[in-house]
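Written out below as structure tokens is the structure these notes cover.
Residue numbers (the numbering used here): 273 to 371.
Following this line, the structure appears as structure tokens:
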């Protein structure tokens with residue numbers, strides 16, 4: 273999973289929005305618990321923002337160069353699907369840099 277080390281190269285910021293208790297955010301909470309430490313270790317100065325708000329729909333937001341942002345709704349996705357969604361956002365960042 274080499275893409276994990278490319279967060280700081282291809283993105284400017286990653287925001288994860290979730291509810292602390294709702295079932296719709298369960299997989300997102302699991303994703304954060306399983307992956308945050310590894311992502312932060314590989315990208316120590318990269319801002320990974322975890323935003324908790326009661327009742328919010330789980331979302332993943334990536335900010336790229338020039339203020340470009342892309343968001344993905346995570347409701348209904350499993351933890352592996354959320355990992356794949358993040359990988360796809362990192363690849364988008366790589367393609368934006370190629371242009």
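For each residue, glycine too, the CB sits at the ideal point set by N, CA and C. Please read these numbers as outputs of a predicted model, since none were measured by experiment.
Figure out for me which residue from the options has the closest Cα to the Cα of residue i.
i	options	result
residue 291	302, 307, 369	302
residue 288	368, 355, 367	355
residue 316	350, 357, 284	284
residue 323	304, 359, 339, 362	304
residue 347	298, 278, 279, 286	298
residue 310	336, 342, 274	274
For residue i, which residues does DSSP report across the bridge?
i	result
residue 288	322, 332
residue 343	333
Do residue j and residue i come within 8 Å of each other at the CB atom, strictly closer than that value?
i	j	result
residue 365	residue 307	no
residue 314	residue 276	yes
residue 327	residue 367	no
residue 296	residue 330	yes
residue 321	residue 344	no
residue 318	residue 358	no
What do you get for residue i, buried or exposed, if any count of 16 or more other CB atoms within 10 angstroms of its CB means buried?
i	result
residue 350	exposed
residue 300	buried
residue 334	buried
Can you check whether the C-beta of residue i is within less than 8 Å of a C-beta belonging to chain C?
i	result
residue 297	Note that chain C does not occur in the displayed structure, where there is just one protein chain.
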